[in-house]
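Residue numbers (this note's numbering): 842 to 1347.
Structure below.
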């Protein structure tokens, strides 16, 4: 799903109306209608007994709110008051038409005002916020700011249309955060906006968002370029697979992991790699970790290091389909030298995580040895160490994009909406993140899953995208540890097993 900027959204709407031969108002009716149905589906009959106060602005977001008010009235939700805030006595064309249609039968519920007039919200159950949408590009002030602060002072359940009013669609670093609606529910049209993925904005949409499909055709969306996309449906599909496949068909992965006291990370990554469909795995571990690996992951081949306690040397790794480095590695000088040697020796598909990332951040001269399309999987603090500290998530996103482009790598920045930046400057945001993943060893599992797909010859960007998506699915509605994440890797979310299932059911 493509994510568009505010200026592109207006163009997208124009292209869609031309494509269908409909008016912009008809598109507004459809968008508001789909939102109405989503609200009714969620609140069901309960909403008919609620008192609703709607605040509409003078633009198209206000028009959406007025259409929604009419639809609610027509469907038996009758305790509604609508406040149209119009300081300049100037409505957009479609907002004016929405107002006219509302007034035909329900003029008694509409109050239009030019200035701030306090509204008694003590008896209101639900506020619908339709002041401004994603096109806003300056902080709210004056009359609109007063209404936003009044909404936020109330104890009402707040439903925002498209965006919490006052929140920009992209960068909010220059915004006034005191004049942004705090929405209990957010219904955003067509696709999420970049700002919805930023941690600093969570207080304005603490319960996330629901995407409302407004019927933008694929042919229309394809006409506009965007570097951003949202992965909200399964990114993997069942590929043709031969009945004569063998373990070599599914690749041989090489995992460099573990050190004294941190062998658990190596075990988790190895188990995840095998569970996610890799044909063969060789785990390079310190001598003290040999029995642990052999007992914990009998499917893996164990290759021991020259050192008892840490990663210190590397042999011929060119023969492997993919290499993963980092889980539980430690940060000794020996490991730093061995990492440099590995980067110089190997030019294939690679994923780097955890202590290997920390070694890179402490020895940035090693970055020049990273193979093209190497996948790095930092959490925000690890990424800040790789670059420089960021004061805002949007700043970190900008740095992520620049880092990926500069070093020709794929950066998987882990978070609630994990972002995957490619060397071409594009970014994919993941939809399956959950706080359940915030547990020790979760990142090691992800590294193993990515390594598995790389070994199975998936492209690096697809390997990163699919593994991140599936990783989130393993933690849905579960009280999990990293080990249970691996247990939850089911055939339905594993590309290899989807392919096998398709073969036997054809």
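Even glycine gets a Cβ: it sits at the ideal position worked out from N, Cα and C.
Since this is a predicted model, take the numbers as computed values, not measurements.
Item                                                                                                                                                                                                     : Value
Determine the extent of the alpha helix (DSSP H) in which residue 936 is found, giving its start and end residues.                                                                                       : 934 to 947
Should the region 945 to 965 be regarded as contacting the region 868 to 888, the criterion being three or more beta carbon pairs within less than 8 angstroms?                                          : no
Does DSSP classify residue 1190 as helix, strand or coil?                                                                                                                                                : strand
Per DSSP, residue 1069 is paired with what?                                                                                                                                                              : 844 and 1268
Quick one: Cα of residue 1251 to Cα of residue 1301, how far?                                                                                                                                            : 8 angstroms
Please go through the region 972 to 1031 and give each complete beta strand (DSSP E) segment of 3 or more residues, from N-terminal end onward.                                                          : 998 to 1002 and 1026 to 1030
Can you list, in chain order, the stretches of the alpha helix (DSSP H) that have 4 or more residues and sit fully within the region 1277 to 1309?                                                       : 1283 to 1296
Against chain B, with Cβ distances strictly below 7 angstroms, would residue 1093 count as a contact?                                                                                                    : Checking the listed chains, one finds no chain B in this structure; it contains a single protein chain.
Identify, in the order they occur along the chain, each residue of the same chain with its Cβ nearer than 8 angstroms to the Cβ of residue 853, setting aside the five sequence neighbours on each side. : 845, 1031, 1057, 1061, 1062 and 1065
Compute the beta-carbon to beta-carbon distance between residue 1272 and residue 1073, rounded to the nearest angstrom, for a pair I have assumed lies under 8 angstroms.                                : 4 angstroms
Would you call the region 970 to 981 in contact with the region 934 to 948, where contact means no fewer than 3 C-beta pairs closer than 8 angstroms?                                                    : no
Run through DSSP, which three-state label would residue 1111 get?                                                                                                                                        : helix
Please identify the residue among 1228, 1024 and 978 whose C-alpha is closest to the C-alpha of residue 1014.                                                                                            : 978
If residue 1216 sits next to residue 1152, beta carbons under 8 angstroms apart, how far is it from one beta carbon to the other, in whole angstroms?                                                    : Actually they are not in contact, since the Cβ atoms of residue 1216 and residue 1152 sit about 19 angstroms apart, beyond 8 angstroms.
Can you tell me which of the three DSSP states residue 856 falls into?                                                                                                                                   : helix
Just to confirm the assignment, what range does the beta strand (DSSP E) spanning residue 1252 have?                                                                                                     : 1251 to 1254
Compute the distance between the beta-carbons of residue 1145 and residue 1292, then report whether it is under 7 angstroms.                                                                             : no
Taking the C-alpha atoms as reference points, what is the distance between residue 1085 and residue 1189?                                                                                                : 26 angstroms
Short of 6 angstroms in beta carbon distance, which residues of its chain neighbour residue 925, apart from the five on each side in sequence? Order them along the chain.                               : 897 and 953
Given this structure, state the Cα-to-Cα distance separating residue 988 from residue 894, to the nearest angstrom.                                                                                      : 12 angstroms
Using the rule of at least 16 other Cβ atoms within 10 Å of the residue's Cβ for burial, across every protein chain shown, is residue 1087 buried or exposed?                                            : exposed
Give the list of continuous beta strand (DSSP E) stretches no shorter than 3 residues that lie fully inside the region 1083 to 1139.                                                                     : 1093 to 1097 and 1121 to 1126
For the putative contact between residue 1186 and residue 1158, defined by C-beta atoms under 8 angstroms, what is the C-beta separation to the nearest angstrom?                                        : 6 angstroms
Pull up the distance between the alpha-carbon of residue 1199 and that of residue 1027, whole angstroms please.                                                                                          : 38 angstroms
If the criterion is Cβ atoms closer than 7 angstroms, does the pair residue 875 and residue 1053 meet it?                                                                                                : yes
Mapping DSSP to helix, strand and coil, what is residue 1325?                                                                                                                                            : helix
For residue 930, is the classification buried or exposed, using 16 other Cβ atoms within 10 angstroms of its Cβ as the cut-off for buried?                                                               : exposed
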